[in-house]
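Encoded as structure tokens, the structure appears first; notes follow it.
Here it is as structure tokens:
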């Protein structure tokens, strides 16, 4: 079974803090994604990566950055957290041979 | 621009009743289409997918979906709903040759005992 894990299920941070969300997949997938999920808005793509050290902006990259130093790990960074970044963050990965996304359990981030 | 519309935000059905969740997409070529389910507090799980071929696709948990090109639709169906099907359902489209998905806004299903 494919496993995508995220470092925290729940996280509470203060405004202005630097926040790291970690995602690890164990199936050697090339493509990895970060989404945020908000009620009534569905999932919106923040960033994605199709290879180590490669990244591309999604639909809502403002206020976020990413890092992919190893194939299995894709990190989402909030340089200076703000209250409007309170959300559910979902990581996903796709192997190079299919178009099926495999999702992690999500991190619910609250910025106060 | 590509888009996915799920017109029903909430749907309530009785256990044992049939279910149809609607999904419409806007895309010029033949898209890759997906339905995902999200149980409370969980990530998304793939129910089924359509890439090409037979327009009626079977998925897990007794779900099926039908691709109708003329209507730009990919509706999800289940003949008899179980209480454990209560969850949020997302339709998604991906364009051929890319791995980027566009998700609908989701339909939350409530099942009455």
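Residue numbers (our numbering), protein chains in the order written: chain A, 1 to 112; chain B, 1 to 113. Backbone N, C-alpha and C define an ideal beta-carbon position, used for all residues, glycine too.
Q) Does the pairing of the stretch 5-14 of chain B with the stretch 10-24 of chain A give three or more beta-carbon distances under 8 Å? A) no
Q | Partners in chain B for residue 94 of chain A, counting only beta-carbon separations shorter than 7 Å | A | Here residue 94 of chain A refers to the residue found at position 94 when the first chain is read from its first residue. The contacting residues are 99.
Q) If we ignore side chains and look at the alpha-carbon of each, how far apart do residue 48 of chain A and residue 32 of chain A end up? A) Numbered from 1 along the first chain, position 48 holds the residue referred to as residue 48 of chain A. Numbered from 1 along the first chain, position 32 holds the residue referred to as residue 32 of chain A. Whole-angstrom Cα-Cα distance: 6 Å.
**Q.** Own chain, CB closer than 7 Å to residue 100 of chain A, minus 5 neighbours either side, in chain order
**A.** Mapped onto the first chain, residue 100 of chain A falls at position 100. Correct list, in chain order: 94.
Q | Closer than 8 Å to chain A by CB, residue 30 of chain B | A | In the second chain, residue 30 of chain B corresponds to position 30, counting from 1. False, the Cβ-Cβ gap to chain A never drops below 8 Å.
(Q) Please confirm whether residue 76 of chain B has its beta-carbon closer than 8 Å to some beta-carbon of chain A. (A) Taking the first residue of the second chain as 1, we reach residue 76 of chain B at position 76. With 8 Å as the cut-off, residue 76 of chain B does not count as an interface residue toward chain A.
Q: Would you mind telling me which residues of chain A sit closer than 7 Å to residue 33 of chain B, beta carbon to beta carbon, in chain order?
A: In the second chain, counting from the first residue as 1, residue 33 of chain B sits at position 33. The contacting residues do not exist; residue 33 of chain B stays about 10 Å from chain A at best.
Q.
Judging by CA-CA distance, which residue of A:107, A:56, A:77 and A:39 is the nearest neighbour of residue 89 of chain B?
A. One-based indexing of the second chain puts residue 89 of chain B at position 89. Taking only the C-alpha atoms, the option nearest residue 89 of chain B is A:39.
Q) Taking Cβ positions only, does residue 80 of chain B come closer than 8 Å to chain A? A) Mapped onto the second chain, residue 80 of chain B falls at position 80. It does not: the Cβ of residue 80 of chain B has no partner Cβ on chain A nearer than 8 Å.
Q) Is there a Cβ from chain A that is less than 8 Å from the Cβ of residue 104 of chain B? A) Position 104 of the second chain, counting from 1, holds the residue named residue 104 of chain B. Output row for residue 104 of chain B: interface = yes.
Q | Chain-ordered neighbours of residue 90 of chain B on chain A, where CB pairs are closer than 8 Å | A | Sequence index remark: in the second chain, residue 90 of chain B carries index 90 (1-based). In chain order: 42 and 43.
Q) Closest to residue 83 of chain A by CA distance: which of A:35, A:30, A:54 and A:63 is it? A) Along the first chain, one-based indexing puts residue 83 of chain A at 83. Considering only alpha carbons, the answer is A:63.
(Q) Per DSSP, what are the beta-bridge partners of residue 103 of chain A in this structure? (A) The sequence position of residue 103 of chain A within the first chain is 103, counting from 1. In the DSSP output, where bridge partners are listed per residue, residue 103 of chain A has A:92.
Q. Closest by CA to residue 46 of chain A, which one among A:102, A:97 and A:92?
A. One-based indexing of the first chain puts residue 46 of chain A at position 46. Selected option, being the one with the closest Cα: A:92.
Q) Can you name the start and end residues of the beta strand (DSSP E) that residue 15 of chain B belongs to? A) Here residue 15 of chain B corresponds to residue number 15 of the second chain, with the count starting at 1. Run containing residue 15 of chain B: none; DSSP gives neither H nor E here.
(Q) Any contact between the stretch 20-36 of chain B and the stretch 76-93 of chain B? By contact I mean 3 or more CB pairs, one from each, below 8 Å. (A) yes
**Q.** Beta-carbon proximity check, residue 107 of chain A vs residue 86 of chain A, cutoff 8 Å
**A.** The count along the first chain starts at 1 and reaches residue 107 of chain A at position 107. The count along the first chain starts at 1 and reaches residue 86 of chain A at position 86. For residue 107 of chain A and residue 86 of chain A, no; Cβs fall outside 8 Å.
(Q) If the criterion is Cβ atoms closer than 8 Å, does the pair residue 47 of chain B and residue 38 of chain B meet it? (A) Position 47 of the second chain, counted from the first residue, corresponds to residue 47 of chain B. Position 38 of the second chain, counted from the first residue, corresponds to residue 38 of chain B. No, the Cβ-Cβ distance between residue 47 of chain B and residue 38 of chain B is not below 8 Å.
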